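Taking it in order: structure first as structure tokens, then the write-up.
Protein chains: 2
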Amino acid sequence: MGINVAIIGTGLIGGSLGLTLHESPEVQSIIGIDNDYEALQKALQIGAIDKISSLEGVEKAEVVFLCTPLETFPQLIAGIAEHIRPGTIVTDVGSTKQKVMEWMAGLPEGVHVIGGHPMAGSEIHGIQGADRYLFENAVYVLTPGPKTAPEITRQLIELLSVTGAKIKIMEALVHDQMVAAVSHIPHLAAVSLVNLTGGHPDLLMLAAGGFRDTTRVASSNPSLWKGILTTNRSAVLEGLDKLIDNLTQLRSALENNHQDELLAELTRAQMIRSQIPHGQKGLLPAMCDVICVVPDQPGVIGNLGRILGNHNINIVDIEILRVREGDGGTIRLGVSSLEDGLRAVKVLQEESIKVWLR
Amino acid sequence: MGINVAIIGTGLIGGSLGLTLHESPEVQSIIGIDNDYEALQKALQIGAIDKISSLEGVEKAEVVFLCTPLETFPQLIAGIAEHIRPGTIVTDVGSTKQKVMEWMAGLPEGVHVIGGHPMAGSEIHGIQGADRYLFENAVYVLTPGPKTAPEITRQLIELLSVTGAKIKIMEALVHDQMVAAVSHIPHLAAVSLVNLTGGHPDLLMLAAGGFRDTTRVASSNPSLWKGILTTNRSAVLEGLDKLIDNLTQLRSALENNHQDELLAELTRAQMIRSQIPHGQKGLLPAMCDVICVVPDQPGVIGNLGRILGNHNINIVDIEILRVREGDGGTIRLGVSSLEDGLRAVKVLQEESIKVWLR
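Chains H and A, in that order, give the protein sequences.
Last residue of the first sequence: 358 (the working numbering), numbering continuous.
Last residue of the second sequence: 358 (the working numbering), numbering continuous.
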């Protein structure tokens with residue numbers, strides 16, 4: 001006899017959770033709740049939920065996921081408070097956690113509160129983007145409330161194991177400071193860098209290279225991000241102050257021609273960045289990078305895929321390396337073992353491709 | 001009877017230029033000049049140059065390319081000034097142009113000065129990275145000196161046509177302001193964002209997604225970048241001031257809860273960024289983006305390449321879309337025509353892959 005899950009907000013994340021949780025033997029049924037009846041219909045149709053309900057539906061659930069935009073939370077939490085039974089686990093998927101934990105503290109006594117933040121996204125918004133594999137290998141942070149017993153958190157972790165996500169337990173404050181540093185502040189920096197071009201076409205022509213990578217995040221949904229930034233206000237303000245201070249310091253090093261200081265900062269960044277884990281996307285992490293230089297021509301990517309595929313070498317990750325400021329015809333292929341890497345070099349060399357292991 | 005080219009500095013750019021210019025029917029021979037004898041030997045061996053010479057060799061050349069690091073330019077220009085004949089074209093490949101044009105103004109009367117900046121790079125430094133295709137479809141800026149006649153510039157453009165680069169004529173000042181905006185300032189922002197993490201391993205674990213893209217440029221060669229930044233000091237200082245101002249404005253909008261202003265800035269960035277040209281890497285630009293959602297598992301990329309390859313559909317560009325803050329299993333494939341795009345959707349759907357055109 002499994003558990004009943006309620007998903008409030010059957011958009012990208014809610015829909016993907018539904019598709020994934022459906023594959024858990026623990027789950028008996030999934031109740032979908034949303035203001036958008038079309039989204040609910042679509043969720044039902046693709047098998048993300050089993051039935052449609054109004055807010056009262058939460059009284060039948062053992063676990064409730066709040067998957068609506070952050071700004072709806074205060075009202076939503078007040079709305080479910082009337083219906084929810086003690087003993088229910090309530091968790092969310094919001095991008096910031098301190099504010100959410102404050103809001104969820106308003107739920108009735110006996111309801112188990114665990115904040116959640118699966119760090120996964122898609123470029124398609126809404127239920128259309130729902131994807132059973134969305135959370136695979138993604139970091140999924142949980143921030144249990146102060147009154148939530150560890151075994152309750154363990155139950156939620158167990159339920160989420162089917163997602164394939166990497167669960168990390170954290171304090172809400174720590175989470176918010178961390179996502180400010182790696183996500184919210186870089187986001188604002190990207191927004192600023194893009195806006196400073198003023199959209200001048202000649203500038204954008206030059207911007208085709210590295211600038212596109214640097215500013216990719218600035219293409220994300222503005223109103224979603226307004227919600228993220230405003231619910232993480234204090235950590236973002238603190239992070240912005242640090243960024244502005246640091247840029248001011250770099251500015252002064254450049255103005256006063258302190259070349260050693262400038263070089264030290266550039267070198268430190270290069271060193272730290274080399275430590276960012278990469279290739280976390282594959283089920284097996286990329287153990288080994290194969291770099292190939294190819295003519296920048298149509299067909300070469302398919303060709304690489306074909307050659308390695310014919311030799312049963314799995315490409316775990318692929319990246320067209322745009323380095324410094326332009327586009328080279330250099331491609332990084334991540335493979336899952338050193339042995340595969342060595343074989344890839346051999347078979348690509350046999351095809352006269354310039355290739356080596358990194 | 002073709003022309004003789006001298007390449008001073010047979011590293012990545014010089015070596016790649018040599019390999020490419022060798023394919024021009026206009027070029028009779030390529031003289032390589034470098035302090036690093038090993039690099040010269042290697043350049044000779046791969047066919048980037050025809051002969052090795054000392055600085056005096058420039059007297060035999062009709063076109064001289066300065067391809068050494070920017071900081072060597074003052075001394076190098078003084079060194080070649082004694083040997084160079086009037087009527088010779090001297091150009092360079094430095095990343096900033098005003099300072100270089102000042103330095104090159106010291107060359108003897110009658111020498112034709114044209115600044116140059118091919119916006120291409122590779123992650124392999126030195127002659128090891130030399131690549132005949134390095135400049136293909138890259139923007140290559142030329143900044144003719146005030147005394148250089150248009151027909152001289154046309155001669156250089158003609159010579160460079162074999163590179164496949166997109167030549168743009170610009171004033172040195174305009175070039176420097178533009179590269180500050182799209183390259184130097186984003187570079188400093190990336191350095192700052194990376195350094196602010198302090199290298200904390202937990203933070204770097206969360207940083208595996210969008211942060212890696214945003215900060216990719218921070219992995220570039222620190223001493224090269226020290227040279228770039230210091231030779232473009234005034235434009236970089238001006239750009240940094242604008243960035244700091246803009247971040248301060250965003251900070252104040254957030255602090256004072258001016259949500260409309262915040263939303264307007266986020267929306268403006270999204271709009272401008274959508275206008276950055278992409279898919280400039282293929283010989284034929286990607287006309288059409290095919291988006292597919294795949295399980296985030298080994299083998300899928302090779303599989304996509306194989307399926308499309310078997311149907312003679314050329315993949316011009318490939319990108320694993322990491323959106324918002326995590327990694328999805330969504331891949332963008334650029335193909336060169338709408339027809340190819342439609343066929344790609346059809347054949348991938350036949351293989352039960354979730355796919356659509358963007």
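Built from N, CA and C at the ideal position, the CB exists for glycine as well.
Treat the numbers as computed from the prediction; the structure is a model and nothing was measured.
In the DSSP assignment, what are the bridge partners of residue i?
i      : result
A:V141 : A:H117 and A:K168
A:I89  : A:V63 and A:H112
Cβ atoms of residue j and residue i: under 8 Å apart, would you say?
i      : j      : result
A:G305 : A:V316 : no
H:I331 : A:I301 : no
A:M205 : H:V179 : no
H:L240 : A:R233 : no
A:L193 : H:A189 : yes
A:A130 : A:L19  : yes
A:V236 : A:H184 : yes
A:S53  : A:I33  : yes
A:V345 : A:W356 : yes
H:L196 : A:A181 : yes
H:C67  : H:G9   : yes
A:G341 : A:C292 : no
A:L134 : A:I167 : no
A:I89  : A:V63  : yes
A:V27  : A:I49  : no
A:A81  : A:L107 : yes
H:A253 : H:L247 : no
H:S24  : H:V174 : no
A:I7   : A:F65  : yes
A:T91  : A:I228 : no
H:I31  : H:K60  : yes
H:S29  : H:K51  : yes
State the DSSP-derived secondary structure class of residue i, mapped to helix, strand or coil.
i      : result
A:N246 : helix
H:N312 : coil
H:E319 : strand
A:D213 : helix
H:G14  : helix
A:A149 : coil
A:P285 : Only weak support exists for where A:P285 lies, its pLDDT of 43 falling under 50; the value from the coordinates is given anyway. A:P285 falls in the coil class under three-state DSSP.
H:L357 : strand
H:Q280 : Because the pLDDT of H:Q280 is 43, which lies under 50, any placement of that residue in the model is unreliable, and the number read from its coordinates should be weighed accordingly. Three-state result, H:Q280: coil.
A:V294 : coil
A:Y133 : coil
H:P222 : helix
H:P69  : coil
A:H200 : coil
H:N303 : helix
A:L229 : helix
H:D327 : With a pLDDT of only 37 at H:D327, under the threshold of 50, the placement of this residue in the model should not be trusted; the figure read from the coordinates follows. Three-state DSSP puts H:D327 in coil, outside helix and strand.
H:S24  : coil
H:A105 : coil
A:L19  : helix
A:H83  : coil
H:A39  : helix
What first and last residue would you give for the beta strand (DSSP E) that runs through residue i?
i      : result
H:G334 : T330 to V335
H:K97  : Unbroken run through H:K97: none, as it is neither H nor E.
A:G32  : V27 to I33
A:N6   : As written in the sequence, residue 6 of chain A is Ala, which differs from the Asn given in the question. First-last of the beta strand (DSSP E) with A:A6: I3 to I8.
How would you write the range of the alpha helix (DSSP H) that residue i sits in, first residue to last?
i      : result
H:N195 : I185 to L196
H:I49  : Run containing H:I49: none; DSSP gives neither H nor E here.
H:T163 : From DSSP, H:T163 is part of no alpha helix (DSSP H); its letter is neither H nor E.
A:L342 : L338 to E350
H:A264 : Q259 to R273
Discussion item. Any C-beta of chain A within less than 7 Å: which residues of the segment 68–81 of chain H qualify?
Written reply: none
Fill in: Members of the segment 245–273 of chain A that neighbour chain H once the beta carbon cut-off is set at 8 Å
N246, L247, T248, L250, R251, L254, E255, N257, Q259, L262, L263, E265, L266, T267, R268, A269, Q270, M271, I272 and R273
Fill in: Residues from the segment 221–246 of chain H in contact with chain A, defined by Cβ distance under 7 Å
Against chain A - using a Cβ distance shorter than 7 Å - the residues of the segment 221–246 of chain H are P222, S223, W225, K226, L229, T230, R233, V236, L237, L240, K242, L243, I244 and N246.
Item to complete: Determine which residues of the segment 189–208 of chain H have a Cβ less than 9 Å from any Cβ of chain A, and write them out in chain order.
Response: Residues are counted here when their Cβ sits less than 9 Å from a Cβ of chain A; for the segment 189–208 of chain H these are A189, A190, V191, S192, L193, V194, N195, L196, T197, G198, G199, H200, P201, D202, L203, L204, M205, L206, A207 and A208, given in chain order.
Worksheet item: What residues in the segment 330–349 of chain A have a beta carbon less than 7 Å from any beta carbon of chain H?
Response: T330 and S336
Worksheet item: Between the segment 157–177 of chain H and chain A, which residues of the former have a C-beta closer than 7 Å to a C-beta of the latter?
Response: Within the segment 157–177 of chain H, no residue has its Cβ closer than 7 Å to any Cβ of chain A.
Worksheet entry | Residues of the segment 43–66 of chain A with Cβ closer than 8 Å to any Cβ of chain H, in chain order | none
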